[in-house]
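Structure record follows, encoded as structure tokens.
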Amino acid sequence: MASYQVRQRDPLFDQDTQAVLERRGKELVGALLVLAGVLAAMMLFSYTPEDPSWMAASDEPVQNWLGRIGAGIASPLFVIIGHGAWLLPAALLAWGVRLITHHGEERLVSRMIFFPIAVATAAVYAALLVPGAQWGQAFGLGGHFGDMIAGSLLGIVPVSGSIGLKLFSLVLAGVMLAISCYVLGFTKPELRAITRFMWLGTVAVYVGIMNLLGRGASASVNGARLAAERSRERRAAAMERAAELAAWEEQQVMEDDHYYAPEVEAPPARGSFLSRIRRPAEPEYDAYSPTPELFEMEPDWENMPQEAPSDDRIRARISQAVQNRKVAAAAHDYAPAPEPYLAHDLPEMMEEPEPPPAPPSVLAAVAKRLARPQRAAQAAPEPRPEP
Numbered sequence: 001m002a003s004y005q006v007r008q009r010d011p012l013f014d015q016d017t018q019a020v021l022e023r024r025g026k027e028l029v030g031a032l033l034v035l036a037g038v039l040a041a042m043m044l045f046s047y048t049p050e051d052p053s054w055m056a057a058s059d060e061p062v063q064n065w066l067g068r069i070g071a072g073i074a075s076p077l078f079v080i081i082g083h084g085a086w087l088l089p090a091a092l093l094a095w096g097v098r099l100i101t102h103h104g105e106e107r108l109v110s111r112m113i114f115f116p117i118a119v120a121t122a123a124v125y126a127a128l129l130v131p132g133a134q135w136g137q138a139f140g141l142g143g144h145f146g147d148m149i150a151g152s153l154l155g156i157v158p159v160s161g162s163i164g165l166k167l168f169s170l171v172l173a174g175v176m177l178a179i180s181c182y183v184l185g186f187t188k189p190e191l192r193a194i195t196r197f198m199w200l201g202t203v204a205v206y207v208g209i210m211n212l213l214g215r216g217a218s219a220s221v222n223g224a225r226l227a228a229e230r231s232r233e234r235r236a237a238a239m240e241r242a243a244e245l246a247a248w249e250e251q252q253v254m255e256d257d258h259y260y261a262p263e264v265e266a267p268p269a270r271g272s273f274l275s276r277i278r279r280p281a282e283p284e285y286d287a288y289s290p291t292p293e294l295f296e297m298e299p300d301w302e303n304m305p306q307e308a309p310s311d312d313r314i315r316a317r318i319s320q321a322v323q324n325r326k327v328a329a330a331a332h333d334y335a336p337a338p339e340p341y342l343a344h345d346l347p348e349m350m351e352e353p354e355p356p357p358a359p360p361s362v363l364a365a366v367a368k369r370l371a372r373p374q375r376a377a378q379a380a381p382e383p384r385p386e387p
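Once you know that position 378 of the sequence shown is 378 in the UniProt record's numbering, the rest is easy, because the numbers rise by one and skip nothing.
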């Protein structure tokens with residue numbers, strides 16, 4: 001029988017493209033696993049026994065963050081395996097991050113085979129713990145499965161109950177931690193790096209705390225030193241002010257001696273030929289009394305004229321004066337001529353009083369002062385030759 005060679009088709013994508021698509025597919029799966037792990041953590045964290053589920057009916061509103069679906073999934077998990085269910089979101093988050101970062105993704109299948117054993121171990125260990133007051137369930141923290149396995153193992157241990165419980169809890173804690181690390185894909189180098197990171201982080205935190213305490217102590221010492229310096233400066237300033245105040249008060253107590261220099265008379269000036277002519281002596285002026293020209297006269301407030309009358313009052317007076325003048329003129333036209341008076345009948349004429357002197361002014365005083373020597377010179381008698 002003849003055989004025909006069939007020509008093979010070229011692949012749709014080359015090897016590089018296939019590798020890129022495979023990597024992006026794993027990253028997408030890892031992102032979905034991280035999202036599922038976050039939702040599972042929210043579902044378990046918001047679990048409440050009063051929520052309606054497969055084993056409980058209630059008319060109260062659902063308190064689970066994922067609604068009735070979350071309450072329906074969380075209730076069986078807590079009833080069966082208790083707090084061992086927290087290993088589910090931990091595995092989803094761990095393997096999701098590994099797929100995204102492409103670190104240890106090849107160990108996914110070989111490690112996840114032992115995931116049920118890790119969950120059972122976690123449930124048994126949780127059943128050995130003492131539940132708190134908020135638990136409020138008839139079973140322990142490990143659910144019904146954890147209580148059953150823990151009770152069976154405690155019955156096998158050939159020691160007393162309290163000691164056996166403590167030893168079994170310690171051993172089971174180590175076993176649970178080892179199986180959980182194995183299921184989550186950790187290796188010895190990774191665990192060693194994590195341990196080193198935690199140790200160095202603890203040391204760094206301790207050093208940071210000590211540095212902060214040292215800085216706080218140094219700041220406190222500096223603050224105390226500055227406060228002491230400011231206190232000394234304030235005391236010195238207060239003492240200086242007190243000394244200045246005492247000196248000022250001492251100066252205020254001292255009295256002035258009112259010392260004046262003696263008055264010295266000026267030597268008589270040598271007379272000239274014209275000084276022999278006698279003229280009246282000028283009046284002496286007091287050097288300490290001010291002249292009338294240098295100060296302002298105080299007004300006489302008692303004899304001040306009254307306020308000017310209003311415009312209506314002035315018009316009324318003007319009209320009254322005009323009316324009186326018209327009446328006087330009409331009476332003068334019809335009055336008889338007056339009889340002549342005799343000389344002896346006339347009374348003695350009295351001199352009219354002189355008008356009051358005008359208030360002195362600066363110009364009048366200066367003019368009077370200048371005119372005084374001229375009058376004295378005119379009044380002086382002419383010298384006569386003696387026989």
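Yeah, the Cβ is synthetic: ideal placement off N, Cα and C, and Gly gets one too.
Going by DSSP, residue 70 is part of the alpha helix (DSSP H) stretching over 67 to 80. Rounded to whole angstroms, the gap between the alpha carbons of residue 88 and residue 210 is 40 Å.
Only buried fits residue 47, as 16 or more other CB atoms lie within 10 angstroms of its CB. A check of alpha carbon separations from residue 167 across 146, 91, 153 identifies 153 as the nearest.
Residue ranges of uninterrupted alpha helix (DSSP H) with 4 or more members, entirely inside the stretch 96 to 131 and ordered along the chain, are 108 to 112, 115 to 127.
Where residue 40 is concerned, the enclosing alpha helix (DSSP H) starts and stops at 15 to 45. Taking 8 Å as the upper bound for CB-CB distance, residue 81 and residue 142 are in contact here, some 7 Å apart.
Between the stretch 32 to 44 and the stretch 55 to 71 there are three or more C-beta pairs closer than 8 Å, enough to call the two in contact. If you draw a straight line from the Cα of residue 170 to the Cα of residue 189, it comes to about 25 Å. In this structure, the alpha-carbon of residue 319 lies about 14 Å from that of residue 328. Nearest C-alpha to residue 146 among 124, 92, 118: 124. Relative to the Cα of residue 118, the nearest Cα in the group 179, 187, 312, 71 belongs to 179.
If you check the CB distance, residue 121 and residue 43 do not come in under 7 Å. Residue 186 carries a coil assignment under DSSP once its states are collapsed to helix, strand and coil. Using a 10 angstroms sphere on the CB of residue 103, the tally of other CB atoms stays under 16, which defines it as exposed.
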